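This report refers to the structure that appears directly beneath it.
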Ligand SMILES: C[S@@+](CC[C@H](N)C(=O)[O-])C[C@H]1O[C@@H](n2cnc3c(N)ncnc32)[C@H](O)[C@@H]1O
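Numbering (our numbering), first residue to last: 941 to 1176.
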């Protein structure tokens, strides 16, 4: 096995937010693979990475459906690791690109786990990226945490008790993947008198980018998957 495997965070959407190292690695690998949730859905990570790939670079798109079926997902990850392994065996360097950072709620972690089992000898390098929550806060020039404050980053819980716990124990809370539970989350914020201490941000750095403090105006509406709420008990 001669090829190396890289995980490259391409940042949240603005192509200028890729790191110099990510840029350099993408320009040097022979294969770039990118996740997408359905065969007919564009991979945003790839649309960013595509600007930086070298001539003749092979693009390998891997479909990972948004599913909670553990066995089906395991099969997909193994299949994907097998495909990547075949290129590494040919001596090709492969980069797996991920939106934001590869270590934050990314398929990359599962792939690395499978690759380590199938090809323990492979050299792996993870190149961090700007996580979306950092970009959402920066876009408003809002600090995420100051002094002794704590910061929690959690997937928006469907269960109000879990959300209460996070909001009571942390001064600042990033609620990722909020699209599905938005109305319930806003209700909890209202119950805790925190509704005017939060802001909503969607598609930061991407086409259709949108942010607002008026959480009520979005109730009952469908949200883009790339959306989050940031709650700052000390005020937004
Ligand atoms: C599977 S997680 C991926 C997180 C990513 N690896 C990161 O470092 O930001 C997907 C969630 O990240 C958030 N997200 C990703 N990109 C975003 C963007 N451009 N604007 C707002 N939220 C985004 C949303 O909460 C979305 O539901």
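Cβ atoms here follow ideal geometry from the backbone N, Cα and C, with glycine treated the same way. Note that the structure is predicted; figures quoted are calculated from it, not measured.
CA-CA distance, residue 999 to residue 1159, rounds to 39 Å.
The beta strand (DSSP E) runs of length 3 or more contained entirely in the stretch 1141–1169 are, from start to end of the chain, 1150–1152. In terms of side-chain proximity, the C-beta atom of residue 1058 is found no nearer than 6 Å to any non-hydrogen atom of ligand 1. In terms of CA proximity to residue 1112, 1172 leads the group 1077, 1128, 1154 and 1172. Between residue 1004 and residue 977 the beta-carbon gap is near 7 Å, inside 8 Å, which marks them as a contact. Membership of residue 1065 in any alpha helix (DSSP H) is not indicated; the residue belongs instead to the beta strand (DSSP E) covering 1063–1067.
Beta-bridge partners assigned by DSSP to residue 1012: none are found. A distance below 6 Å between beta-carbons, with the five flanking residues on each side excluded, links residue 1030 to no residue of its chain. Of the other Cβ atoms in all chains shown, fewer than 16 fall within 10 Å of the Cβ of residue 1057; this residue is therefore exposed. For residue 995, no beta strand (DSSP E) segment is defined, and its DSSP state is neither H nor E. For residue 949, the enclosing beta strand (DSSP E) starts and ends at 944–949. Shown here, residue 977 sits in coil according to DSSP, grouped into three states, outside any helix or strand. Judged by beta-carbon spacing, residue 970 lies within the 7 Å limit of residue 1033, meaning their Cβ atoms are closer than that value. In chain order, 944 place their CB closer than 6 Å to the CB of residue 1063, counting only its own chain and leaving out the 5 sequence neighbours on each side. By the criterion of a C-beta distance shorter than 8 Å, residue 1123 is surrounded in its chain by 1159 and 1160, once the five residues flanking it on both sides are discounted. A buried status is given to residue 1041, since no fewer than 16 other beta-carbon atoms sit within 10 Å of its beta-carbon. The residues 975 and 1004, in chain order, have a CB closer than 6 Å to that of residue 1047 in the same chain once the five nearest residues on each side in sequence are set aside.
Straight through space, the alpha carbons of residue 946 and residue 1130 are spaced by roughly 43 Å.
Close CB contacts of residue 1083 within its chain, under the 6 Å cut and outside five residues either way in sequence, are absent. Taking C-beta atoms as the reference points, residue 1128 and residue 1103 count as a pair closer than 7 Å. Placement of the Cβ of residue 952 at a distance of less than 6 Å from at least one heavy atom of ligand 1 is found. Inter-segment contact for the stretch 1081–1096 and the stretch 958–967 is absent: fewer than three beta-carbon pairs are separated by less than 8 Å. The beta-bridge partner set that DSSP reports for residue 1077 is empty.
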